[in-house]
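Residue numbers (my numbering): 143 to 717.
In C-alpha cells, the structure reads:
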C-alpha cells in the first residue's frame with residue numbers, strides 16, 4: 143500500500159547559507175532559544191543536503207563537509223549555552239557566523255535536494271533531549287575520546303547537540319555524518335577509503351556514538367552503522383546507540399537491529415524528563431494538572447465511555463498536553479511550526495477553529511475548548527453549512543502552484559490492486575480512462591475531514607487539527623479541493639439528496655462551478671488512500687482495540703471503493 147509522499151525539494155545551497163547567516167546575525171540582536179533551535183535544525187538540513195550531493199556512491203569527507211560539520215557542531219554549542227543560560231552564547235554565535243561564511247566561500251553544488259526532518263516537523267523530536275542524553279553518556283562512560291556519527295537526515299542536527307554535550311564534559315570528539323543505504327529493513331553503510339581509514343584509526347581508543355531519531359519500524363539504519371563499525375574493528379562495548387527512545391529490539395523488523403539493540407549501551411532522555419519535569423514548557427509544569435492527550439488519549443476526555451471511539455494510529459498522533467486550561471499541540475520546530483501557527487490564526491479569525499494564543503517551543507498553544515466530537519451520522523444543517531463554507535474558504539485563500547500537487551495515479555493503482563485484486567484493477571482502469579486527475583489549481587487542503595475532527599461547542603461547530611495535513615509526509619499533499627469535498631461525502635456517508643445539497647452549498651460558496659466532474663476522480667483517489675492507510679495501521683497495531691477498529695475501517699473503505707468503481711461515475715456524482 144502507498145500512503146506516504148515524497149517531501150524532497152531542490153534548492154540552491156548558496157541561498158540557503160545566506161539565509162542562515164542572516165538568521166544567525168539576528169541572534170546577536172535578540173538572543174532567542176527557539177531561534178537557536180531553528181538555526182540548528184535548518185543547518186542540519188543544509189549539511190545533510192550537501193553531504194548527500196557529495197556522497198552519491200559512498201560517504202566521504204571533503205573539505206566542504208568538514209566546514210559544514212564544524213558549523214553544525216558550533217550550532218550545537220549555541221544550543222547548549224542557550225538552554226543552560228550560560229555565558230558563551232555570543233562567542234559561539236560569532237564562531238558559527240564565521241564557519242557559515244567559510245562554507246559560503248567554498249565551491250558549492252549548484253543545487254541540492256532538501257529532505258524534511260520528520261522528527262522536527264511532525265513527531266516532536268527535540269534536540270535538547272539529546273543534550274541530556276550526551277551528558278548521561280559522558281557521566282557514565284567518562285570517555286576521553288569519542289567519534290560521534292550523525293545518521294542523516296535528522297541525525298545531522300542531533301549529533302551537533304551531542305558533540306556539544308560531550309565536549310562540555312571534557313571529551314575530545316571527532317564527528318562525521320553517514321547515510322545508510324539499501325532496503326529499508328536491511329540498511330548498510332558504504333564509506334570512502336579516506337573516511338574508513340579515519341574511523342579505523344580511532345577504533346582502538348574511542349567510543350563511537352551513533353545518533354539518530356529512530357529506531358523506526360526496522361531499526362536497520364542504526365544496525366547498519368553498527369555493523370560497519372564492527373567490521374572496522376570497533377568492539378561492542380565501545381559502540382553506543384543514541385536513539386530517541388530506548389528499546390531492547392523487540393518488535394523491530396530487522397533481525398540485525400534486534401541483535402544490536404541488545405549488544406550496545408543506549409543513552410536517551412525523554413521529552414517529559416527534559417521539558418516537563420524541569421518546568422521548561424511554561425504552564426505545562428509538573429503536577430497533577432498536566433494531562434497527556436497524545437496517542438489518542440484525547441478520546442478519554444472528549445468521548446463518553448458508552449460511545450464508540452474513532453480509530454487512531456498512535457504512532458502518527460502529534461504530542462498533545464492539557465495544562466492549566468490550555469491545550470499544547472505540537473506543530474513543528476522552527477520554520478516548520480511558524481506557518482502552521484499563522485494558518486491556524488487565520489482560520490480562527492474566519493470562525494472555523496479555536497484561536498491560537500502562542501507558538502511556544504514547537505507547540506501551538508490555545509485555550510482548551512470543551513466540545514463533543516460529532517459522529518458520522520451527524521446531519522445537523524449547521525454542520526453541513528459550516529463544512530461547505532470551510533472548504534470554500536480553503537479553495538479561495540489557500541491556492542498553491544500546480545507543481546505542489548503529487549500525482550495520485552500510482553497510489554490508486556497499487557492500493558486498488560492490494561485491496562480489490564485484478565477485478566478492481568480493471569474497474570479502476572476503466573474509471574481512469576474517463577476520469578483523469580483534473581487540471582485545477584491545488585489547495586493547501588484540510589486533508590482530514592473526519593467526523594470526530596469537528597467539535598460541537600458553545601461557539602458552534604469548530605474544526606480541530608487544521609494546521610498541516612496538506613504538508614505532512616502522507617498523501618495527498620496539496621491537491622484539488624475536490625479531495626476534501628469527496629472525502630467529506632465519504633466520511634459522513636452522504637448520498638443522494640444529502641450529497642447534492644452539501645456539494646451545492648460548497649459550489650455556491652466557492653463559485654466552483656466545475657466541481658461535479660472532478661469529484662469522480664477524487665472520490666476514487668480518496669478511497670484508495672484511506673483503504674491503504676487503514677490497512678497499514680491495522681497491520682501495525684495488530685489485535686489492539688485500535689487495530690480492530692482499523693480492520694473494520696479497512697473493510698468499509700474497500701467495500702465503498704468496490705461500489706464506487708462498479709457504478710457509473712457520471713450518475714453517482716451527478717451533483
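Every residue gets a Cβ at the ideal spot worked out from N, C-alpha and C, and that includes glycine.
Computed from a predicted structure; not experimentally measured.
What distance in whole Å lies between the Cβ atoms of residue 254 and residue 297, which are believed to be in contact at a cut-off of 8 Å?
18 Å between Cβ atoms; not a contact.
Thinking residue 302 and residue 186 are a contact (beta carbons under 8 Å), I'd like their distance in whole angstroms, please.
At roughly 7 Å, the Cβ-Cβ gap stays under 8 Å, so residue 302 and residue 186 are in contact.
CB-CB under 7 Å to residue 695, same chain, minus the five flanking residues each way: which ones, in chain order?
If you ignore the 5 residues before and after residue 695, its C-beta comes within less than 7 Å of the C-beta of 453, 676, all in its own chain and listed in chain order.
Between which residues of its own chain and residue 501 is the CB-CB distance below 7 Å, once the five residues before and five after are set aside?
Excluding sequence neighbours, residue 501 sits near 479, 480, 483.
Considering only C-alpha positions, which residue in the set 195, 151, 655, 631 is nearest to residue 259?
It is 151.
Collapsed DSSP secondary structure at residue 717 in the structure displayed:
In the displayed model, residue 717 falls within coil according to three-state DSSP, outside both helix and strand.
Can you name the start and end residues of the beta strand (DSSP E) that residue 470 belongs to?
Annotation for residue 470: the continuous beta strand (DSSP E) segment containing it runs 468-472.
Excluding the 5 residues flanking residue 711 on each side, which residues of the same chain have their C-beta closer than 7 Å to its C-beta?
For residue 711, the predicted model reports a pLDDT of 48, less than 50, meaning its position is unreliable and no value from the coordinates is stated.
Assuming residue 144 and residue 556 are in contact, meaning their beta carbons sit under 8 Å apart, how far apart are those beta carbons, in whole angstroms?
Correct: roughly 5 Å between the Cβ atoms.
Ignore the nearest five residues each way along the sequence and tell me which others in residue 487's own chain have a CB closer than 8 Å to its CB.
Residues of the same chain with a CB within less than 8 Å of the CB of residue 487, apart from the 5 flanking positions on each side, are 497, 498 in chain order.
Using a Cβ-Cβ cut-off of 6 Å (strictly less than) and excluding sequence neighbours within five positions of residue 183, which residues of its own chain qualify?
262, 299, 475, 476.
Check whether the stretch 634-652 touches the stretch 522-542, taking contact to mean three or more Cβ pairs, one atom from each stretch, closer than 8 Å.
They touch, by the three-pair rule.
Report back the beta-carbon spacing between residue 465 and residue 431 to the nearest angstrom; my notes put them in contact at under 8 Å.
Residue 465 to residue 431, Cβ: 6 Å. Contact.
With a threshold of 8 Å, are at least 3 pairs of Cβ atoms found where one atom belongs to the stretch 230-248 and the other to the stretch 369-389?
With the rule of 3 Cβ pairs closer than 8 Å, the stretch 230-248 does not count as touching the stretch 369-389.
What residue from 333, 271, 335, 307 has the CA that sits closest to residue 355's CA?
The shortest C-alpha to C-alpha distance from residue 355 to any of 333, 271, 335, 307 is the one to 271.
Could you have a look at residue 433 and say whether DSSP puts it in helix, strand or coil?
In this structure, residue 433 counts as strand in the three-state DSSP scheme.
Spatially closest choice to residue 209 from 232, 176, 248, by CA coordinates:
Comparing C-alpha distances from residue 209 to each of 232, 176, 248 shows the shortest one belongs to 248.
Can you tell which of 610, 550, 532, 438 has the C-alpha that lies nearest to the C-alpha of residue 668?
That would be 550, whose Cα lies nearest to the Cα of residue 668.
Whose C-beta lies closer than 7 Å to the C-beta of residue 222 among residues of the same chain, with five residues either side of it excluded?
Counting only Cβ-Cβ distances below 7 Å, and skipping sequence neighbours, we find 273, 306, 307, 310.
With 16 other Cβ atoms within 10 Å as the buried cut-off, status of residue 321:
By the neighbour-count criterion, in which 16 or more other beta carbons inside 10 Å mark a residue as buried, residue 321 falls on the buried side.
Taking the continuous alpha helix (DSSP H) assigned at residue 268, which residues delimit it?
Neither: residue 268 is in no alpha helix (DSSP H) and is coded neither H nor E.
Candidates 679, 682, 361, 241: closest to residue 213 by CA position:
When C-alpha distances from residue 213 are compared across 679, 682, 361, 241, the shortest belongs to 241.
Our contact map puts residue 283 next to residue 318 with C-beta atoms below 8 Å; I'd like the distance itself, whole angstroms only.
Between residue 283 and residue 318 a beta carbon distance of about 20 Å is seen, past the 8 Å cut, so the two are scored as non-contacting.
Please classify residue 569: is it buried, with 16 or more other beta-carbons within 10 angstroms of its beta-carbon, or exposed?
So residue 569 counts as buried.
Taking DSSP's pairing of strands, which residues face residue 537 in a bridge?
None, per the DSSP bridge assignment.
Considering Cα atoms alone, identify which of 539, 461, 542, 492 is closest to residue 506.
Just measuring C-alpha positions, the residue of 539, 461, 542, 492 sitting nearest residue 506 is 461.
Cβ pair residue 591, residue 630 closer than 8 Å:
Against a cut-off of 8 Å, the Cβ pair of residue 630 and residue 591 comes out as a contact.
Using beta-carbon positions only, say whether residue 632 and residue 679 come within less than 8 Å of one another.
With contacts defined by Cβ atoms closer than 8 Å, residue 632 and residue 679 do not form a contacting pair.
Expressed to the nearest angstrom, what Euclidean distance is found between the alpha-carbon atoms of residue 585 and residue 159?
Rounded to whole angstroms, residue 585 to residue 159 spans 30 Å at the Cα level.
By a C-beta neighbour count over all protein chains shown, 10 Å radius and 16 as the cutoff for buried, is residue 168 buried or exposed?
Per the 10 Å Cβ criterion, exposed.
Do the CB positions of residue 349 and residue 380 come within less than 8 Å of each other?
In this structure, residue 349 places its C-beta atom within 8 Å of the C-beta atom of residue 380.
So, for residue 154: in the same chain, excluding its five sequence neighbours on each side, which residues have a beta-carbon less than 7 Å away from its beta-carbon?
If we look at residue 154 and ignore the five residues flanking it on each side, its Cβ neighbours are 253.
Per-residue burial, residue 469 [other beta carbons within 10 Å of its own, 16 or more giving buried]
Counting C-beta atoms within 10 angstroms of its own C-beta, residue 469 has 16 or more neighbours from the protein chains shown and is therefore classed as buried.
By the 10 Å Cβ neighbour count, where 16 or more other Cβ atoms means buried, how is residue 188 classified, buried or exposed?
By the neighbour-count rule (16 or more Cβ atoms within 10 Å), residue 188 is buried.
Just checking my contact of residue 703 with residue 561 at CB under 8 Å: how many whole Å lie between their CB atoms?
Taking C-beta atoms under 8 Å as the contact rule, residue 703 and residue 561 qualify, at a distance of about 6 Å.
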